[in-house]
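J.: The opening position of the sequence shown corresponds to residue 8 in the numbering used here, with each subsequent residue numbered one higher. In this text, a Cβ means the ideal position worked out from N, Cα and C, and glycines have one as well. Predicted model, so just to flag it, every value in this text is computed and none were measured.
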Amino acid sequence: MNLLTEVNKEMKKELGYGVALVGALAGAGALTAAMIRKKKREEIYHEAELKAMNELDEMMSENGDDALDCDTCSCAEACAAAAEQAEVDETEPEEQPADETEEEPSAE
Numbered sequence: 008m009n010l011l012t013e014v015n016k017e018m019k020k021e022l023g024y025g026v027a028l029v030g031a032l033a034g035a036g037a038l039t040a041a042m043i044r045k046k047k048r049e050e051i052y053h054e055a056e057l058k059a060m061n062e063l064d065e066m067m068s069e070n071g072d073d074a075l076d077c078d079t080c081s082c083a084e085a086c087a088a089a090a091e092q093a094e095v096d097e098t099e100p101e102e103q104p105a106d107e108t109e110e111e112p113s114a115e
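1) What is the rounded straight-line gap between the Cα of Glu93 and the Cα of Lys47?
2) So, helix, strand or coil for Asn61, using DSSP?
3) When DSSP labels each residue in this structure, what does Asn70 get in the three-state scheme?
4) Do you know how far the Cα of Glu13 is from the Cα of Met42?
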């Protein structure tokens with residue numbers, strides 16, 4: 008009976024190692040699958056970004072090459088002033104309107 012319990016313990020030990028090995032392999036497989044999905048999402052995002060940039064370039068080129076060349080344009084100073092004003096407007100905090108309703112003193 009002693010021999011039978013030792014064999015039983017040895018089988019349980021081997022079974023435990025097998026379960027641990029299967030668990031480790033499953034974890035590695037899940038990690039690999041997650042990394043592949045992440046890489047695919049990044050590729051899709053990058054392709055969409057390139058497509059959007061190309062569409063923007065096409066839209067800008069429809070306006071003509073003169074619109075993109077501010078160095079030779081006669082309105083280059085006006086464009087620079089407008090850009091500076093836009094930067095100033097973005098950095099200044101918006102003023103809150105004063106509360107128009109004031110409390111009236113109560114007549115006692």
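T.: To lay it out plainly:
1) The identity of residue 93 in the sequence shown is Ala, whereas the question assumes Glu. Approximately 38 angstroms between the Cα atoms of the pair.
2) Under the three-state reduction of DSSP, Asn61 is assigned to helix.
3) coil
4) 43 angstroms
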